[in-house]
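In short: position in the sequence shown from 1, add 4, done, that's the working numbering.
See structure below.
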Amino acid sequence: MNRLRCDQTPAWTALQAFFEKAGKDFDLRDAFAADPARFANFSQDAPHVFADLSKNLIDADCQALLFDLARQCGLEQYRDAMFSGEPINRTERRAAMHFLLRSPPFGEAAQQRGVFEKRADDLAHVHATLDAMLAYAEQVRGDDAITDIVNIGIGGSDLGPQMAVLALSEFAIVGKRFHFVSNIDGQELAGVLAALKPQNTLFLIASKTFTTTETMTNAHSARDWFEAQGGKNIGRHFVALTTNVAAAHDFGIGTTFGFWDWVGGRYSLWSAIGLPIAIAIGAAGFREFLAGAHAMDEHFRTAALAQNLPVRLGLIDVWYRNFHGFTSRSIAPYSSALRRLPAYLQQLEMESNGKRVDLDGKALPYATAPVLWGEPGTNGQHAYFQMLHQGTSVVPVEFVAIKRGATYPHDLPGHHEKLLANVLAQAQALMLGKKDGGGHKDFPGNRPSTFLLLERLSPASLGALIALQEHRVFVSGAIWGINSFDQWGVELGKVLAKDIEPRLASGDATGLDGSTAGLLRRLRCDREMPHEGH
Ligand code: F6P
């Protein structure tokens, strides 16, 4: 498929001209004054998610040019290539078919036949594994002896399940605790193990590759702890979630749930990596989670560009990054249950689109992924919102709000109303600003935000929200012409750490650069810290 590079399209040139003429001085307050229907015109329903885009620095002309850009970059064809299982992850020669993990069985949805016909075998494997995993999840839920589930994994094998288990705590089984150990820092594992008994603990060793140093180090230490504490039956207390079943067997684990190389690590919470979620919310809940995501897949696959929410969000991301030059986006979920969403989205956005070369490996002359960061509201308001309102940089904010708050585990009166009042007020304040005679108390306003609203935080709406984010990252990655599905940038550090580890013991600094050698000498475990200046 020959796709034009975004900066070589007529639409890119038109957008540059538009930015100079109307874009850079665009004022949201004027836009609302000029168009009483702006809210209706720039908001939309998508499956399980309502999105208000009206407080973004766009108008109808700008959106039309962005849709032209999408067309001229072949976005729709590239999307269809993903959905038909073409190996769009070129550097790893793999398809990117995480959407298949949430598709109903082949034949159940007639409209999918065309798309998934070629993938019927994969889909059959997906459902066989899903059925087995969910049966196992139900077994664990019914096993009163298991009170603590410890997920050992990192990156996509940690962030997704951890975020979702926290997010869905209202729906989680009572009487079981969930722990997530990711860091190679032994303090994390030791802190979790200190409160556990082997006979009541189930370890889930989650690793796509089953080779990741952090996870394997923690897994070995957990097994040593289990045996040292008199734990008897590794077969019952250790389960592996991996594509590398052979390595799990070598480790001594008999119960494994597999997945496939066409599932990227950061897209894997829908696969066996989602087992902690399934144990927490049960088989029916996990199926709702998948169904919510599938509804968003179908929206992305079939809706016209102008009403396609992942497309609209991804294009706004490009508009901000490449024309306004904004370098970051802040995510502000007004929900304590969504407190790990920013961390989850950091991997999704920055591991996917933090790339500097095109699909052929040629350096790009334009910017790609923004920095993504954030904390749940209202906490962020008392930390960095100062900078969002009055700092020198404009940071688009993405608010996520839940209309109906959880009724379990709390039904404290008044809290949810205050939470909603705050999220509305922050979005309003960023946009409106305030003139106060200049100086310290002035708010410039005209600071853009997107507002995503869920009716409830449920398995289905969370599934849809995550799939929405996956697809918007796909859209900007497709426009930028990069491979959103590889992650070569994580490799160098891993290799260097392997070289350095024995040097910490031996003190051998041969061939190291001056700084690393100096720090190595200071870090030698068997030596006193030398005094400054020596
Ligand atoms: O190092 C980055 C990475 O490969 C991520 O992409 C992945 O989610 C994480 O490590 C964990 O990998 P694995 O599941 O194979 O242990």
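No residue lacks a Cβ here, since even glycine has one placed at the ideal position from N, Cα and C.
For Arg343, the three-state secondary structure derived from DSSP is coil.
Pairwise C-beta distances place the stretch 144 to 160 in contact with the stretch 184 to 192, as three or more of them are shorter than 8 Å. Per the Cβ contact rule, the stretch 338 to 347 is not in contact with the stretch 77 to 97 (fewer than 3 Cβ pairs under 8 Å). Between the stretch 133 to 146 and the stretch 279 to 288 there are three or more C-beta pairs closer than 8 Å, enough to call the two in contact. For Ile188, the three-state secondary structure derived from DSSP is coil.
Per the coordinates, the alpha-carbon of Phe478 lies some 8 Å from the alpha-carbon of Gly318.
Counting of Cβ neighbours within 10 angstroms places Phe43 among the exposed residues, the total staying below 16.
Counting the other CB atoms within 10 Å of its CB gives Gly256 a total below 16, which places it among the exposed residues. In the structure shown, Trp377 adopts extended strand secondary structure according to DSSP, grouped into three states. In the three-state reduction of the DSSP assignment, Phe182 falls in the strand class. The shortest C-alpha to C-alpha distance from Gln394 to any of Leu73, Met435, Leu500 and Arg181 is the one to Met435.
Apart from the 5 residues on each side of it in sequence, Pro202 sits with its Cβ closer than 6 Å to the Cβ of Phe230, Gln233 and Gly235 in its chain, given in chain order. Taking 3 residues as the shortest admissible run, the stretch 236 to 294 contains the following complete beta strand (DSSP E) segments, listed from N- to C-terminal end: 242 to 246 and 259 to 262. In the structure shown, the three-state DSSP call for Ala387 is coil. Distance between Leu368 and Val398, taken at the CA atoms: about 24 Å. In this structure, DSSP gives Thr217 a helical state, which the three-state scheme calls helix.
Between Gln473 and Leu352, the C-beta spacing is below 7 Å. In this structure, the beta-carbon distance from Asp301 to Arg98 does not fall below 7 Å. Between Gly481 and Asn326, the C-beta spacing is not below 7 Å. Excluding its 5 nearest sequence neighbours in each direction, Gly511 has C-beta neighbours in its own chain below 6 Å: Arg528, listed in chain order.
With a 10 Å radius around the Cβ and a threshold of 16 neighbouring Cβ atoms, Pro452 comes out buried.
Here Leu8 carries a coil assignment [DSSP, helix/strand/coil]. Of the residues Leu524, His475, Ala171 and Ala210, the one whose Cα lies closest to the Cα of Ala297 is His475.
Within the stretch 73 to 137, the alpha helix (DSSP H) runs of at least 4 residues that lie entirely inside it are, in chain order, 79 to 87 and 117 to 120. Cα atoms of Gly443 and Glu218: separation of roughly 50 Å, rounded to the nearest angstrom.
Relative to ligand 1, even the nearest heavy atom lies 6 Å or more away from the CB of Gln233. For Pro337, the enclosing beta strand (DSSP E) covers residues Ser332 to Pro337. Between the alpha carbons of Gly515 and Gly190 lies a gap of roughly 30 Å. In the DSSP annotation of this structure, Leu456 is not part of any alpha helix (DSSP H); the continuous beta strand (DSSP E) holding it starts and ends at Ser453 to Arg460. Judged by beta-carbon spacing, Ala513 lies within the 7 Å limit of Leu524, meaning their Cβ atoms are closer than that value. Minimum Cα-Cα distance from His102 among the listed residues Val499, Gly239 and Ala471 corresponds to Ala471.
By the criterion of at least three beta-carbon pairs nearer than 8 Å, the stretch 330 to 346 is in contact with the stretch 410 to 427. Between Ile238 and the set Gly258, Ala251, Ala250 and Thr221, the nearest pair of CA atoms involves Gly258. Taken from the Cβ of Gly269, at least one heavy atom of ligand 1 lies inside 6 Å. Within a 10 Å sphere around the beta-carbon of Trp492 sit fewer than 16 other beta-carbons, which makes this residue exposed. Listed in chain order, the non-local C-beta contacts of Gly329 below 8 Å within the same chain comprise Ala371, local neighbours out to five positions each way being set aside.
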